[in-house]
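Following: one structure in structure tokens, then a few remarks.
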Amino acid sequence: MRWQLSKEEEQYFEEAVLFAALASAPPPCPRIRTRFNFNALPDAKLAVPVLWEDTEIFFGRSSSGLSIIFMHLLDLLDATFSSLILFNRNIAAARLKEYSQAVFDAGSPYTNVWCFVDGTVRGVCRPVPRRVHHKKRKLLGQQSIYNGHKRKHALKFQTLVTPDGLISHLFGPYAGRNHDIKMYRESKKAGTIRLDSRFRGFRVFGDCAYGNDDVIVSPFEGAIGNLTAEQTHINACMSRIRVSLEWSYAQIVSYWKALDVKSSLRIGTQPVGKMYRVVVLMTNCITCIRGGNTASDYFNCPPPDISEYLES
Numbered sequence: 081m082r083w084q085l086s087k088e089e090e091q092y093f094e095e096a097v098l099f100a101a102l103a104s105a106p107p108p109c110p111r112i113r114t115r116f117n118f119n120a121l122p123d124a125k126l127a128v129p130v131l132w133e134d135t136e137i138f139f140g141r142s143s144s145g146l147s148i149i150f151m152h153l154l155d156l157l158d159a160t161f162s163s164l165i166l167f168n169r170n171i172a173a174a175r176l177k178e179y180s181q182a183v184f185d186a187g188s189p190y191t192n193v194w195c196f197v198d199g200t201v202r203g204v205c206r207p208v209p210r211r212v213h214h215k216k217r218k219l220l221g222q223q224s225i226y227n228g229h230k231r232k233h234a235l236k237f238q239t240l241v242t243p244d245g246l247i248s249h250l251f252g253p254y255a256g257r258n259h260d261i262k263m264y265r266e267s268k269k270a271g272t273i274r275l276d277s278r279f280r281g282f283r284v285f286g287d288c289a290y291g292n293d294d295v296i297v298s299p300f301e302g303a304i305g306n307l308t309a310e311q312t313h314i315n316a317c318m319s320r321i322r323v324s325l326e327w328s329y330a331q332i333v334s335y336w337k338a339l340d341v342k343s344s345l346r347i348g349t350q351p352v353g354k355m356y357r358v359v360v361l362m363t364n365c366i367t368c369i370r371g372g373n374t375a376s377d378y379f380n381c382p383p384p385d386i387s388e389y390l391e392s
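Quick note: this note's numbering has the sequence shown finishing at residue 392, numbered continuously throughout.
Shown next as structure tokens:
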């Protein structure tokens, strides 16, 4: 089976090659022997919102078979590279001085901030309510994932974004109603960083809700009139730099359009959380292959080579 790219498909060439390099295990169909390779299937499914029926002719398999292969490759990538998704500690520790210098050169008053922490909200389709009490006719299901701040049903993830444009840590999913602090505490990332002597003296920057300790630093709290001129200046500088978080989130959905259509993301029938974890991994790989992204250009901090990233 020859892989032929049309003009519309050329933009997905790197992602397709990357899947072929990462997902080397055969699909779980012991009764079907084939010489064809479907490692690019998740790329085609996640890059654009498409129905399985629309991919049958292209891949030459039934929609049910393609779905099985897709799920297998998701499981494979998520399990194989779980350490890279959860926290790529070795690369981060090796580049702490480079990261902190890049943040300082971008205008930060701090010389020891090496990354930024925040939660991201990904919209999903409204779940069908489930009746749990016939007499009171009480409905449960959709309330738990409704995010009142964004006013939509969603899943939440916690991230650490470094100046080289990589999402070095992804934790979740959590129901949309949960607060960022709950994810931060249950991820136990502060303890992991605190126990690693390589991170001693360096800080993560987060919003006011995260507080201040030996791991994390946040803006000064209070009304502008109650802050000193120096404190106001520090808050303004860090707020401007911290916008790089949003660039990283936007990059994910720009590559993987299927995850930007919440009406097609159905909790209970799709592994939405696992899909997002895998596309974060793939986005990091694309950043390494292309030598950077918007965030890394802003900080003038190139990412590591793809082989260094995958082998760390």
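Even for Gly, the Cβ is constructed at its ideal location relative to N, Cα and C. This structure is a prediction, so every number in the text was calculated from the model and none was measured.
Legend entry - Selection from T200, G281, L146, S144 that minimises the alpha carbon distance to Y180: The residue you asked about is not Tyr; residue 180 is Ser in the sequence shown. Residue G281 is the option with its Cα nearest to S180.
Inset, instruction - Closer than 7 Å by C-beta to V333: which residues in its own chain qualify, once you throw out the five before and the five after it? Chain order, please. - result: Counting only Cβ-Cβ distances below 7 Å, and skipping sequence neighbours, we find L339, D340.
Legend entry - Within 8 Å, strictly: CB atoms of C195 and V128: No, Cβ-Cβ distance for C195 and V128 is not below 8 Å.
Inset, instruction - Quick one: residues in its chain with C-beta nearer than 8 Å to the C-beta of L307, no 5 flanking neighbours on either side, listed in chain order? - result: Taken in chain order, the residues that qualify are F300, N315.
Inset, instruction - Quick one: grab the DSSP three-state call for H406. - result: No answer is possible for residue 406: it lies beyond the span of the chain, which begins at 81 and ends at 392.
Legend entry - Identified DSSP bridge partners for D198: T239
Legend entry - CA-to-CA distance, R283 to N192, given in whole angstroms: 6 Å
Inset, instruction - Could you check which residue in D198, P207, L176 has the C-alpha nearest to that of S319? - result: D198
Inset, instruction - Can you tell me which of I296, K230, P253, G245 puts its alpha carbon nearest to the alpha carbon of L325? - result: G245
Inset, instruction - Given a cut-off of 8 Å, decide if C368 and P351 are closer than it, judged by their beta-carbon atoms. - result: no
Inset, instruction - Would you decide whether L131 is buried or exposed? Buried here means 16 or more other CB atoms lie within 10 Å of its CB. - result: exposed
Inset, instruction - Inspect the beta-carbon positions of V201 and H233 and report whether they are closer than 8 Å. - result: no
Inset, instruction - Just the C-alpha distance for D276 and F150, rounded to the nearest angstrom, thanks. - result: C-alpha separation (whole angstroms): 37 Å.
Inset, instruction - Tell whether a beta-carbon distance below 8 Å holds between D185 and N380. - result: yes
Legend entry - Alpha-carbon spacing of A159 relative to A270, whole angstroms: 23 Å
Inset, instruction - For R320, decide whether its Cβ has a neighbour in chain C, counting only Cβ atoms nearer than 8 Å. - result: Of the protein chains in the structure, only one exists, and it is not chain C.
Legend entry - S387 burial status per 10 Å Cβ neighbour count (16 or more: buried): Burial call: exposed.
Legend entry - Inter-stretch contact at 8 Å, needing at least 3 Cβ pairs: the segment 135-155 / the segment 164-171: no
Inset, instruction - May I ask which residues mark the beginning and end of the alpha helix (DSSP H) holding I171? - result: For I171, the uninterrupted alpha helix (DSSP H) segment begins and ends at 169-174.
Inset, instruction - Please list, in chain order, all residues of the same chain as M34 whose beta carbon is under 6 Å from its beta carbon, the five residues on each side excluded. - result: For the chain, the structure presents residues 81 to 392; residue 34 sits outside this window and is missing.
Inset, instruction - Return the bridge partner residues of H249 from the DSSP annotation. - result: DSSP output for H249 lists L240 as bridge partner(s).
Inset, instruction - Can you grab the Cα-Cα spacing for the pair E391 / W327, in whole Å? - result: 26 Å
Inset, instruction - Could you name the residues of the same chain whose beta carbon sits closer than 8 Å to that of T135, not counting the 5 residues immediately before and after it, in chain order? - result: L121, A124, K125, S143, L146
Legend entry - Top-ranked residue by Cα proximity to L156, from L361, P253, Q311, S376: L361
Legend entry - S298 beta carbon less than 8 Å from that of R257: no
Inset, instruction - Measuring alpha carbon to alpha carbon, tell me which of G305, Q311, I304, R274 ends up nearest D293. - result: R274
Inset, instruction - Report yes if the CB atom of L235 is closer than 8 Å to the CB atom of Y264, and no otherwise. - result: no
Legend entry - Beta-bridge partners of R283, as assigned by DSSP: Paired residues: V193.
Inset, instruction - Count the other C-beta atoms from every protein chain shown that fall within 10 angstroms of the C-beta of V295, then say buried if there are 16 or more, exposed otherwise. - result: buried
Legend entry - Candidates N227, H229, A330, S163: closest to T374 by CA position: When each option's Cα is compared against that of T374, the closest is A330.
Inset, instruction - Taking E266 as part of the alpha helix (DSSP H), name the residues at either end of that continuous run. - result: 260-267
Inset, instruction - Would you list the one or two residues that DSSP bridges to V297? - result: F285
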